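J.:
Residue numbers (the UniProt record's numbering): 1 to 71.
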């Protein structure tokens, strides 16, 4: 995995998707990926029709569990 040009949800302008650089960290499941954009870890999906990841840094944020916060 690594850094790539992705469509970033928070950069969207109206109905127009906007590209930005994000890091795809790992594959989680069926078309579900862990990504990081501007220090925020979130879910991403890959769209094979456009050949890009869509990173959801608005609704797909991955928050640390309470057990992780104490470490």
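Just so it is clear, CB atoms sit at the ideal spot from N, CA and C, and this is done for glycine as well. All values reported here derive from a predicted model rather than from experimental measurement.
Who pairs with residue 46 in a beta bridge, going by DSSP?
T.: As a working mapping, residue 46 is identified with position 46 in the chain shown. According to DSSP, residue 46 bridges with 53.
J.: Should residue 59 be labelled buried (16 or more other beta-carbon atoms within 10 Å of its own) or exposed?
T.: Taking the first residue of the chain shown as 1, we reach residue 59 at position 59. Exposed is the call here.
J.: Just grab the DSSP bridge partners of residue 23 for me.
T.: For the purposes of this step, residue 23 is taken as residue 23 along the chain shown, with counting starting at 1. In the DSSP output, where bridge partners are listed per residue, residue 23 has 3, 36.
J.: Leaving out the 5 sequence neighbours to the left and right, which residues in its chain are closer than 6 Å to residue 71 when beta-carbon positions are compared?
T.: Along the chain shown, read from residue 1 onward, the residue named residue 71 stands at position 71. With a pLDDT of 46 at residue 71, under the threshold of 50, the modelled position of this residue cannot be trusted, and the question is left open.
J.: When you compare only the Cα positions, how much space is there between residue 31 and residue 39?
T.: Your numbering for residue 31 matches position 31 in the chain shown. Your numbering for residue 39 matches position 39 in the chain shown. Their Cα atoms are separated by approximately 22 Å.
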